[in-house]
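Participant:
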Ligand SMILES: [Mg+2]
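Numbering (this note's numbering), first residue to last: 28 to 301.
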């Protein structure tokens, strides 16, 4: 039986369309390059796109900057230091104002230090108390180190208090960005080093944003993640490639709303690495 002319025309049009469709289906399966963020974002519709993007960056992170107070550690060290020095109530009020973004960070830092005026000896003694690490942080930092991710501690707190925390987590001390106190020759408090970027906030060139931008520029990090609980942490992205809000110790509404992804346990982040 000889096929009709119209049947042959139909077949000749159908076959190229079939081949094109097969190529479209097979191409992603044959590709060896990692899926793009847009591919991931269209793959699932259950999560907001900002969170899907944050999860993708987290999974491919080459650097992670952790805030310290109420993030890596359960408490606010400056409040504990104030308690230790007998001026807890006054300093707690100033800290609450700072965390809610009501005053410039540098002014709040200066006023809290002016209340405390900690001597070198007091800081050394205070730093010897065991830090209360947030559950899960040790395993998370170990996992990040194991996969070659650089881990930084970026804090508006004080270097001498953070160094023992870094030691416990095997984070090199040159990956701490925090404030330095200045003392006179007798070890009495004089002030703080205003050249430290962490001594200020409010723009992309200072504070945690300034540190993240500098790290990206100096090390060429492509997926730098900032994790923290406070307003100054949220400010760091951009230049940080994403910001993960941490609510395991304290939940601040503005941070929860502004975060690309908000978690309440480090276990969630550890599982998401795998
Ligand atoms: Mg904090």
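We put the CB at the ideal spot given by N, CA and C, even for glycine.
Would you identify the three-state DSSP class for residue 260, choosing helix, strand or coil?
Facilitator: If you number the chain shown from 1, residue 260 lands on position 233. The answer is helix: DSSP assigns residue 260 an H, G or I state.
Participant: Just mark residue 48 as buried or exposed, buried being the case when its beta carbon has 16 or more other beta carbons within 10 Å.
Facilitator: Counted from its first residue, the chain shown places residue 48 at position 21. Residue placement at residue 48 is flagged as unreliable, the pLDDT there being 49, under the threshold of 50; a coordinate-derived value is accordingly withheld.
Participant: Have a look at the DSSP bridge pairing and note the partners of residue 206.
Facilitator: Indexing the chain shown from 1 puts residue 206 at position 179. Partner(s): 185.
Participant: Please determine whether the Cβ atom of residue 94 lies at a distance below 7 Å from any heavy atom of ligand 1.
Facilitator: If you number the chain shown from 1, residue 94 lands on position 67. Within the cutoff, so yes.
Participant: Output the distance between the C-alpha atoms of residue 154 and residue 73, rounded to the nearest integer angstrom.
Facilitator: Locating residue 154 in the chain shown gives position 127, where the first residue counts as 1. Locating residue 73 in the chain shown gives position 46, where the first residue counts as 1. Each residue's Cα considered, the two are about 45 Å apart.
Participant: To the nearest angstrom, how far is it from the Cα of residue 180 to the Cα of residue 171?
Facilitator: Translated into positions along the chain shown, residue 180 becomes position 153. Translated into positions along the chain shown, residue 171 becomes position 144. Going by the C-alpha atoms only, they are around 13 Å apart.
Participant: Can you tell me which of 213, 222, 247 and 242 puts its alpha carbon nearest to the alpha carbon of residue 147?
Facilitator: By one-based count along the chain shown, residue 147 stands at place 120. Nearest option by C-alpha distance: 213.
Participant: Check whether the Cβ atoms of residue 175 and residue 206 lie closer than 8 Å to each other.
Facilitator: As a position in the chain shown, residue 175 is number 148, starting the count at 1. As a position in the chain shown, residue 206 is number 179, starting the count at 1. No, they are not a contact pair.
Participant: Can at least three beta-carbon pairs, one atom from the stretch 191-204 and one from the stretch 132-142, be found at a separation below 8 Å?
Facilitator: no
Participant: Could you have a look at residue 227 and say whether DSSP puts it in helix, strand or coil?
Facilitator: Residue 227 sits at position 200 when you count from the first residue of the chain shown. Of the three classes helix, strand and coil, the one that applies to residue 227 here is coil, per DSSP.
Participant: Would the C-beta of residue 256 count as close to ligand 1, meaning under 7 Å from any of its heavy atoms?
Facilitator: Walking along the chain shown from the start, residue 256 turns up at place 229. Indeed, a heavy atom of ligand 1 lies less than 7 Å from the Cβ.
Participant: In terms of residue numbering, what span does the alpha helix (DSSP H) encompassing residue 169 cover?
Facilitator: Position 142 of the chain shown, counting from 1, holds the residue named residue 169. That run of the alpha helix (DSSP H) goes 164-173.
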